[in-house]
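Protein chains in written order, with the UniProt record's numbering: chain G, 1 to 285; chain Z, 1 to 259.
Where a beta carbon is used, it is the ideal one built from N, C-alpha and C, also for glycine.
To keep things clear, I will list the structure first and then write my remarks on it.
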Amino acid sequence: MHGWIFIKEYGKENSNESLLSIRLPHPRTGQAVRYILQDQTLLEIRKLDCESQRSWFIGSTVQSDGSLFCLTPIDPLFVLIPILDTCRRKTSDSNGLFIPLEDILDGEQYPSLPKLSVLNNIEKYVGWVCDCQVMNSGKVVFRLNDEKVMAWLKLKISHILSNFDSFNSLKQLIQHMNNDSIDDRLQKEIRLKATIEIVMEYLPLLWRERLMAVYNFDALGRLEVSNTQIADNPADYYARKTMRKEVLPPKGPPTKKQKLSTGQAVLAKANIKGMKKLTTFFAKK
Amino acid sequence: MFEARLSQGSVLKKVLEAVKELVTDANFDCSETGISLQAMDNSHVALVSVLLKADGFDPYTCDRNIPLGVNLGSLNKILKCAGNEDTITLKVDDTGDTLNLLFESQNNDRFGEYELKLMDIDQEHLGIPETEYDAIVVLSSGEFQRICRDLSGISESVSISVTKEGVRFQAKGEVGTGNITLRPSSSVDKGSESVSIKLTSPVDLTFSLKYLSNFTKAAPLSDKVTLCMATNTPLLVEYNMEECALVRYYLAPKIEDEE
Numbered sequence: 001m002h003g004w005i006f007i008k009e010y011g012k013e014n015s016n017e018s019l020l021s022i023r024l025p026h027p028r029t030g031q032a033v034r035y036i037l038q039d040q041t042l043l044e045i046r047k048l049d050c051e052s053q054r055s056w057f058i059g060s061t062v063q064s065d066g067s068l069f070c071l072t073p074i075d076p077l078f079v080l081i082p083i084l085d086t087c088r089r090k091t092s093d094s095n096g097l098f099i100p101l102e103d104i105l106d107g108e109q110y111p112s113l114p115k116l117s118v119l120n121n122i123e124k125y126v127g128w129v130c131d132c133q134v135m136n137s138g139k140v141v142f143r144l145n146d147e148k149v150m151a152w153l154k155l156k157i158s159h160i161l162s163n164f165d166s167f168n169s170l171k172q173l174i175q176h177m178n179n180d181s182i183d184d185r186l187q188k189e190i191r192l193k194a195t196i197e198i199v200m201e202y203l204p205l206l207w208r209e210r211l212m213a214v215y216n217f218d219a220l221g222r223l224e225v226s227n228t229q230i231a232d233n234p235a236d237y238y239a240r241k242t243m244r245k246e247v248l249p250p251k252g253p254p255t256k257k258q259k260l261s262t263g264q265a266v267l268a269k270a271n272i273k274g275m276k277k278l279t280t281f282f283a284k285k
Numbered sequence: 001m002f003e004a005r006l007s008q009g010s011v012l013k014k015v016l017e018a019v020k021e022l023v024t025d026a027n028f029d030c031s032e033t034g035i036s037l038q039a040m041d042n043s044h045v046a047l048v049s050v051l052l053k054a055d056g057f058d059p060y061t062c063d064r065n066i067p068l069g070v071n072l073g074s075l076n077k078i079l080k081c082a083g084n085e086d087t088i089t090l091k092v093d094d095t096g097d098t099l100n101l102l103f104e105s106q107n108n109d110r111f112g113e114y115e116l117k118l119m120d121i122d123q124e125h126l127g128i129p130e131t132e133y134d135a136i137v138v139l140s141s142g143e144f145q146r147i148c149r150d151l152s153g154i155s156e157s158v159s160i161s162v163t164k165e166g167v168r169f170q171a172k173g174e175v176g177t178g179n180i181t182l183r184p185s186s187s188v189d190k191g192s193e194s195v196s197i198k199l200t201s202p203v204d205l206t207f208s209l210k211y212l213s214n215f216t217k218a219a220p221l222s223d224k225v226t227l228c229m230a231t232n233t234p235l236l237v238e239y240n241m242e243e244c245a246l247v248r249y250y251l252a253p254k255i256e257d258e259e
């Protein structure tokens, strides 16, 4: 039998509710991604995989898939903002339509979308980023408001920034830029940019551009572009990590270096510029 | 079972001397028709193809196709132990993990027995199509060797242009230039020194002199060398010992304007 191994924060109340796996569009890429619903909370899944080099021992059985799934709560507004954005059908001369929540969460494209309506305080959250109107029937209708989204994002960023030093993973991101020779102003901007990059992993690029325009990156702008890219892009950080991994010496005995004959040694120095490989002339059998 | 006896052992010695300068390890593919080898140099811009015809051996037995993977340097060390006039017998038993070599002196009074460990070599094999060449030049192998040696001092590469009037080897380097023109000779009495040109359309191609010089290591195999050329096609340099061995080199031309 095949199972998955999850790790999850232990809730305040020990819940017996089973995990519900749902598929929703990723807010940045739009591709279908799996999320977990439990206790009226939306959880994001991260798969930790050691290139299939691990297995799990479960009881007296072995499960060959040794990957570990990490479940962490995610703010459902991230998932909802792109959906709200499409729903309002904003045009150049109209701010778009007000729509009731159940229509926003209609499951035509993503059958799991209506399930989000069970989330804790979902109407309140949506109200943070939307204009709301109460219909005569008592029904509440919503329309995404760009300014409210920006205010909500700024709040998120300032919240992370104020707790920046308590997150080791964040500190690591800017570690090599973190020394006394850098002045305070630049230091702040580096932290700000790193924070924005992390938050913007979860929204379409458009929002990132809007957000970057709001903040001031004067000091950082003066730095060399290459430096800042390494410093503030989490993707680059991970790329560098993998690169470091690759240069580790290969396992096993090193391959014996072939001894070249005199003729081969001469040819090794030959200038073969402009010479195509013979495989371009003759097909492999 | 594979067994092949070669009364002119020197042929095998010469072939090895030629091939080992281009390739480190290669498979000798033994089949009914003979022993063949195809391999590319490290840069994959040159290829050598060798055929030792079954007719050149007496006797020649090969009941199934077997590849003999050898390190050419090691095989060459063993073949150096054979005298030039020795008869060489190659034998592989059914396990196919060693090649047995037997060297018999001409007077049948000295026998050398050697064993070479074989290895598994995974080599790509290229299919070389029949090509209609624009120009085929036959000249003395010694002359070709000298031209390559002389021009190597001047430049890294040589342009070979063939017209009805003759074949011209031209090298341009930092120190100056060198030009050698050979005219086709009609006189029969000059024998191996004569140059013959078969031309369908004039060609002018550039090649690396280091590679051409490498190929001339096969000169002891034959008095004559054949150069076959066509635009945008690898050069074919062929050393043919009619009765038993054929060594062919292919070399990619240098294309200057592709930067």
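Exclusion of the five residues before and after T131 (chain Z) leaves C228, A230, T233, L236 as the residues of its chain whose Cβ lies within less than 8 Å of its Cβ. The DSSP-derived three-state label of I88 (chain Z) is strand. Look at T24 (chain Z): its C-beta is under 8 Å from a C-beta on chain G.
A direct Cα-to-Cα measurement between V134 (chain G) and D103 (chain G) gives close to 15 Å. A Cβ of chain G is located within less than 8 Å of the beta carbon of V45 (chain Z).
K285 (chain G) is a Cβ neighbour of H125 (chain Z), given a cutoff of 8 Å. According to the DSSP secondary-structure assignment, R143 (chain G) is paired through a beta bridge with G:D131. Of the candidates G:D39, G:S64, G:W128, the residue whose Cα lies closest to the Cα of D49 (chain G) is G:S64. Neighbours of T262 (chain G) across chain Z, judged by C-beta separation under 8 Å: E21. Setting aside the 5 residues that flank it on each side, A135 (chain Z) is surrounded in the same chain by V162, L199, V203, M229, each with a C-beta closer than 6 Å to its C-beta; the list follows chain order. Only residues of its own chain outside the window of five on either side were considered, and among them E44 have a CB closer than 6 Å to the CB of T72 (chain G), listed in chain order. Within chain Z, the C-beta atoms nearer than 9 Å to that of F282 (chain G) come from L47, L126, G127, I128, P129, P234, Y250, in chain order. Residue state for E201 (chain G) is assigned as helix, using DSSP reduced to three classes.
If you compare the alpha carbons of Z:V11, Z:E193, Z:A218, Z:N27 with that of I88 (chain Z), the shortest gap goes to Z:V11. DSSP places T41 (chain G) in the strand class (E or B) of the three-state scheme. Taking each of Z:K254, Z:N240, Z:L251, Z:A252 in turn and checking the Cα distance to V50 (chain Z), the smallest one comes out for Z:N240. Taking I5 (chain G) as the centre and dropping the five residues before and after it, the same chain places the C-beta of W56, L68 closer than 6 Å to its C-beta, in chain order. When rounded, the separation of the alpha-carbon atoms in S196 (chain Z) and S213 (chain Z) is 21 Å. Of the residues Z:K77, Z:S155, Z:L139, the one whose Cα lies closest to the Cα of G166 (chain Z) is Z:L139. Judged by DSSP in its simplified three-state form, G83 (chain Z) adopts coil rather than helix or strand. With respect to chain G, the C-beta atom of D41 (chain Z) has a partner C-beta closer than 8 Å.
Chain order gives no chain G residues near G56 (chain Z), where near means a beta carbon separation below 7 Å; the closest approach is about 25 Å. Three or more beta-carbon pairs separated by less than 8 Å are not found between the region 31–45 of chain G and the region 209–218 of chain G, which leaves the two stretches without contact. Think of a sphere of 8 Å around the beta carbon of Y211 (chain Z): the chain G residues whose beta carbon falls inside it are L267, A270, in chain order. In the displayed model, S55 (chain G) falls within coil according to three-state DSSP, outside both helix and strand.
Close CB contacts of E193 (chain Z) within its chain, under the 7 Å cut and outside five residues either way in sequence, are with S140 (chain order). In the three-state scheme derived from DSSP, where H, G and I count as helix and E and B as strand, C87 (chain G) is classed as helix.
The Cβ-Cβ distance between L105 (chain G) and L97 (chain G) does not fall below 8 Å.
Considering only beta carbons, the part of the region 215–233 of chain Z lying closer than 8 Å to chain G consists of K217, T233, in chain order. With a cutoff of 8 Å on beta-carbon distance, A82 (chain Z) and G9 (chain Z) are scored as near each other. A contact is defined here as three or more CB-CB pairs under 8 Å, and the region 103–115 of chain Z fails this definition with respect to the region 61–75 of chain Z. With a beta-carbon spacing of about 14 Å, K13 (chain Z) and G73 (chain Z) fall beyond the 8 Å limit used to define contacts.
Taking a 10 Å sphere around the C-beta of P253 (chain Z), we find 16 or more other C-beta atoms and assign the residue as buried. Taking CB atoms only, E32 (chain Z) has no neighbour in chain G less than 8 Å away. In terms of Cβ geometry, A18 (chain Z) and I121 (chain Z) do not form a close pair [threshold 8 Å]. For the region 72–142 of chain Z, the continuous beta strand (DSSP E) assignments of 3+ residues that do not extend past its boundaries occur at 87–92, 98–104, 111–117, 135–140, in sequence order.
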